[in-house]
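So that you can map any letter, position 172 of the sequence shown is 621 in the numbering used here, and since no number is skipped, the others follow by simple counting. Cβ coordinates follow ideal geometry from the N, Cα and C atoms, glycine included. Inspection log for the structure reproduced underneath, given as structure tokens.
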Amino acid sequence: MSGDWPGEERRRMKTDLLVKPTPTEQGTSKATTQQPASDGPAPGSSTASPSAAGQDPADAPGNPDSAQASPASGTTQGSGTLLDSGTPLVSGTPLVSGSLSSAITGSDALETPLPAEEGWQKKIRTWTGGLIAPKPGPQELTRRATLASIRRVYPRPVTVTIAQPAGGAGKTSLTVALASTIGNTSDHNVLAMDNNETMGTLGVRTRSNGSNMTIIDLLDALEQLKSERTRSGDVQYYTRPQGDNRFSVLASDEDPDRMQMLTRPTFNELLEVVQRFWNIVVLDTGNNTRAENWLAGIDATDQLVFPVELNDKSVVSVLRTVEQLQAMSQVTGNQHYASLCEHAVLVITPGSHRRAVAAERRKELRQMLEQALGETATFLAVPYEPALDTNGLIDWQLATDESVRAFEKVAAAVSAGLFRSASNDTTPRNTKEN
């Protein structure tokens, strides 16, 4: 028999120092380490080599490492205590306690702003080949903070609902702009879903890319897709990728009768499946706030967004929705609905240039909204965008820089609300009882 210990025995003896044994194990450990099994000379022999005596050559007296486990340190091999203090090493205790490395990683050196990429600061840095590198200006730093907010990580999948019962109020346009903005500025997997009780327009306003699959086709395959063996591609087959806009669309069916299949239970089951592969779902809703799928979407919502034009029709529609949600909280005792209104994001759109409202009336309408929603709601105005004011396809790649910057602020406000909701409640809402 060779004098070397078997590999498992060597590993056990090495790792015993990092394991806290029970009192019974302490006695047996000392007993077993006095004389490991070996075919070498007897323990009393003065000519026995470390290997022959059952001792690891690395632990021989002449080896510097052996001093760590020597009797002089007050700790024997296998005792399960820290080598010099005798303190038991609890599982999970960090072995590195120095302050120099943490001082470096926690220093402002790692937070040093990147070189300016906008404005005159970038021009000077480029012209001088980096010899003169002005710091980024306030506007660029503000935009970086905005993008950082969009890119934040959530503790669970999250859902955004775009709600506005008034037809033609810009729900689909806002859905595409928001999904594109998040997709283009972050690594989030974004799915825009047409949660319409009839025939929605999200599939009409976005690219099909050769796919005619709809939400009803996904529902037909839902039982198979519930399997834990379901892969991302199995579900993506039913969606329509939007290319450079970096989000996918789950379109409604073109047959309004088939869309009646989207009930509260089926919506919840569908959302549970898609959220395994998309961590942000943006719901483009219909006009019926009493429909089962609309109510199911509200139950699952983390952030509510209202597109609103400052005209009587659009504002009244939003106010009625707010009043309905507040009443739902009063009747059910569930403050989720009222909280959605309190933290809502209102995107004030100019709409078509054909509709003009006097400035004084617009001010009055905005005050009504602020009074109904309270101080915690967020109001953000976006400029007129020709790429959205069309009856055809919406391609966010054609949007102006002004609109892109404005919707980045919208996405940042939405992201802040999503993070607040997900951090306060880590239980996915679609698993709660209806």
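Is residue i close to chain D, meaning its C-beta is less than 9 angstroms from at least one C-beta of that chain?
{"i": "Gly-619", "result": "Given the protein chain composition of this structure (a single chain), no chain D is represented."}
Does DSSP put residue i in a helix, a strand or coil?
{"i": "Ile-843", "result": "coil"}
{"i": "Ile-611", "result": "strand"}
{"i": "Leu-563", "result": "coil"}
{"i": "Arg-680", "result": "coil"}
{"i": "Ser-852", "result": "helix"}
{"i": "Gln-784", "result": "coil"}
{"i": "Pro-705", "result": "helix"}
{"i": "Ile-581", "result": "coil"}
{"i": "Val-765", "result": "helix"}
{"i": "Val-639", "result": "strand"}
{"i": "Ser-872", "result": "helix"}
{"i": "Leu-744", "result": "helix"}
{"i": "Asn-633", "result": "helix"}
{"i": "Thr-770", "result": "helix"}
{"i": "Val-723", "result": "helix"}
{"i": "Asp-838", "result": "coil"}
{"i": "Asn-717", "result": "helix"}
{"i": "Thr-591", "result": "helix"}
{"i": "Val-625", "result": "helix"}
{"i": "Arg-654", "result": "helix"}
{"i": "Met-777", "result": "helix"}
{"i": "Gly-866", "result": "helix"}
{"i": "Thr-663", "result": "coil"}
{"i": "Met-710", "result": "coil"}
{"i": "Ala-670", "result": "coil"}
{"i": "Leu-759", "result": "coil"}
{"i": "Lys-929", "result": "This structure gives no information on residue 929, because the portion of the chain shown stretches from 450 to 883."}
Give the DSSP bridge partners of residue i, in chain order.
{"i": "Asn-644", "result": "Thr-734"}
{"i": "Ala-830", "result": "Ile-797"}
{"i": "Ser-753", "result": "The residue asked about is misnamed: residue 753 is Leu in this sequence, not Ser. Paired residue(s): Thr-610."}
{"i": "Arg-689", "result": "Val-698"}
{"i": "Val-859", "result": "Paired residues: none, contrary to the question."}
{"i": "Ile-885", "result": "Because the chain is modelled from 450 through 883, residue 885 falls outside the range shown and cannot be assessed."}
Express the C-alpha separation of residue j and residue i in angstroms, rounding to a whole number.
{"i": "Leu-867", "j": "Met-710", "result": "29 angstroms"}
{"i": "Arg-656", "j": "Gly-578", "result": "42 angstroms"}
{"i": "Lys-479", "j": "Leu-549", "result": "Confidence in Lys-479 is poor, its pLDDT being 49 and thus under 50, which makes the residue's placement unreliable; the coordinate value appears in the next sentence. One C-alpha to the other measures close to 37 angstroms."}
{"i": "Gln-779", "j": "Leu-829", "result": "28 angstroms"}
{"i": "Leu-668", "j": "Tyr-603", "result": "27 angstroms"}
{"i": "Ile-747", "j": "Lys-584", "result": "45 angstroms"}
{"i": "Pro-832", "j": "Thr-715", "result": "38 angstroms"}
{"i": "His-792", "j": "Ala-826", "result": "5 angstroms"}
{"i": "Gln-775", "j": "Gln-752", "result": "15 angstroms"}
{"i": "Gln-570", "j": "Leu-795", "result": "34 angstroms"}
{"i": "Val-653", "j": "Arg-815", "result": "32 angstroms"}
{"i": "Met-817", "j": "Ile-611", "result": "20 angstroms"}
{"i": "Lys-572", "j": "Ala-582", "result": "9 angstroms"}
{"i": "Thr-624", "j": "Asp-761", "result": "23 angstroms"}
{"i": "Met-708", "j": "Glu-566", "result": "48 angstroms"}
{"i": "Ile-665", "j": "Pro-606", "result": "22 angstroms"}
{"i": "Arg-695", "j": "Val-765", "result": "34 angstroms"}
{"i": "Trp-576", "j": "Pro-587", "result": "21 angstroms"}
{"i": "Arg-725", "j": "Arg-574", "result": "45 angstroms"}
{"i": "Thr-839", "j": "Ala-740", "result": "28 angstroms"}
{"i": "Asn-661", "j": "Gly-649", "result": "14 angstroms"}
{"i": "Ser-763", "j": "Pro-756", "result": "9 angstroms"}
{"i": "Ala-862", "j": "Leu-789", "result": "14 angstroms"}
{"i": "Pro-564", "j": "Glu-851", "result": "23 angstroms"}
{"i": "Met-777", "j": "Ser-870", "result": "19 angstroms"}
{"i": "Thr-663", "j": "Glu-819", "result": "38 angstroms"}
{"i": "Asn-736", "j": "Asn-742", "result": "11 angstroms"}
Can residue i and residue j be called in contact, C-beta distance under 9 angstroms?
{"i": "Gly-619", "j": "Gly-800", "result": "yes"}
{"i": "Arg-600", "j": "His-637", "result": "yes"}
{"i": "Val-859", "j": "Leu-627", "result": "yes"}
{"i": "Leu-837", "j": "Ser-697", "result": "no"}
{"i": "Leu-759", "j": "Arg-810", "result": "yes"}
{"i": "Val-723", "j": "Val-684", "result": "yes"}
{"i": "Leu-590", "j": "Thr-634", "result": "no"}
{"i": "Ser-701", "j": "Leu-651", "result": "yes"}
{"i": "Ser-864", "j": "Ile-631", "result": "yes"}
{"i": "Thr-750", "j": "Thr-608", "result": "yes"}
{"i": "Leu-822", "j": "Val-771", "result": "yes"}
{"i": "Gln-773", "j": "Thr-738", "result": "yes"}
{"i": "Ala-745", "j": "Asn-717", "result": "yes"}
{"i": "Leu-699", "j": "Tyr-687", "result": "yes"}
What do you reckon, is the C-beta of residue i under 8 angstroms from a heavy atom of the ligand GDP?
{"i": "Thr-712", "result": "This structure lacks the ligand GDP; in fact it carries no ligand of any kind."}
Would the segment 664-674 count as touching the segment 599-615 if we require 3 or more Cβ pairs under 8 angstroms? Too few Cβ pairs lie closer than 8 angstroms, so no.
Counting Cβ pairs closer than 8 angstroms, one from the segment 839-856 and one from the segment 685-701, do we hit at least three? Yes, the segment 839-856 touches the segment 685-701.
Taking 8 angstroms as the cut-off, does the segment 730-745 touch the segment 643-650 (at least 3 CB pairs, one atom from each stretch)? Yes, the segment 643-650 is in contact with the segment 730-745.
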